[in-house]
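Counting along the sequence shown from 1, when you hit position 37 you're at 36 in numbering that gives the first Met the number 0, and nothing is skipped either side.
Ideal Cβ placement from N, Cα and C applies to all residues, glycine included.
Remarks on the structure that follows.
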Amino acid sequence: MEHKLLIYTLISIFFTTILFGVLVKDNSSTLDELKLSSKNIIEKNQNLFNKNKDGSTIDKKFNGEKFASDSYSLYKKMTSGKSLKGNDLKNSNDYKQLSEALTTYLAAARIIVAKNQKLINTDKDGKANPKNFYPAVFGRYASYEFKKRSGIVMKQTTLGKGGYGARNSKYNSPDSWETKALNKFESSSWKRGEGFGEEVSESGSKYYRYMKPLEIKQACLGCHGDPKGEKDISGHIKEGYKLNDIRGGISVKIPMK
Ligand code: HEC
């Protein structure tokens, strides 16, 4: 009899632990999933980065570890004073806080990819060898990977220069909610750099939607900057943005329980 009791107790402890693990997914573990997804994409593309045109390879040392530590240090800088670090996010289910953390992390990781464009796109003999691994392409792959792990959708989008639209309209065109958020960022009364978020109902489900503005940094100018009309490293036409212009935003859509 006592034996049975012990077994029942052990079984219930086992299931409670599993249930707990599934239900109590706090914001810090969700941020960890985005960090892992991003690192994964860099690791999957090592061969692409390291391969020269003649088929030989070199170690450019832009690997998952380096990328992850650079991205997290930049993220910490970008969120300093904002309570968005691992420990602040523990045991929290605050959707706005989570959205800010996720969009800021992806923005930081994209900047690291932008800063490494020259390294990625140059062969060992110093000649250009474009790999088409743009910050936005990285961001898209990382977002797909993250959605598989978390069910959360992330996207980089834009209204485009003078309403010209997204450079890659197939993936990056804004939906109506995103257009509304992007228009807010463009208005002169909007506090610079501030994100926008709210609860929405879409096709009978509730979501928390949030967008963080993406500004043009030094590392973006090579492809999105001045002078307008000039071609970038991959033969695309530059768009004429200036430092600190709003280039678009990172959007996040979290299913609410
Ligand atoms: C090496 C060139 C390059 C650099 C550097 C670069 N971009 Fe881009 N960017 C592109 C290309 C090409 C696309 C379209 C890629 C795609 O989604 O397939 C793009 C897309 C985007 C998009 C998505 C909307 C759209 O127009 O399709 C945003 C937002 C964006 N870039 C912002 C930035 C910011 C901010 C930086 C600096 C941190 C940056 N980019 C750095 C080339 C670049």
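Item	Value
heavy atom of ligand 1 below 6 Å from glycine 224 C-beta	no
Reduced DSSP category for arginine 246 - H, G, I as helix; E, B as strand; rest coil	strand
Inside the stretch 126–211 only - beta strand (DSSP E) runs reaching at least 3 residues	152–156, 195–201
Reference leucine 220, options Lys205, Tyr133, Glu177, closest by Cα	Tyr133
Cβ-heavy atom distance, lysine 154 to ligand 1, below 6 Å	no
Selected residue, minimal CA-CA separation from serine 250, among Lys211, Ser36, Lys241	Lys211
Burial state of glycine 80, where buried means 16 or more other Cβ atoms lie within 10 Å	exposed
Endpoints, alpha helix (DSSP H) assigned at methionine 255	Note, methionine 255: premise wrong, no alpha helix (DSSP H); not H, not E.
Near ligand 1: valine 251 beta-carbon under 6 Å from a heavy atom	no
Proximity of serine 72 and glutamate 144 at Cβ, strictly below 7 Å	no
Residue nearest to alanine 218 in terms of C-alpha spacing, selected from Glu201, Lys230, Ser200, Leu242	Leu242
Distance between beta carbons of lysine 89 and serine 257, contact taken as under 8 Å	No answer is possible for residue 257: it lies beyond the span of the chain, which begins at 0 and ends at 256.
Unbroken alpha helix (DSSP H) run spanning phenylalanine 66, endpoints	63–77
Helix, strand or coil at valine 21 according to DSSP, with G and I counted as helix	Low confidence applies here, because valine 21 scores a pLDDT of 49, under 50, leaving its location unreliable; read the following figure in that light. It is helical.
Distance cut-off 6 Å: threonine 121 Cβ against heavy atoms of ligand 1	no
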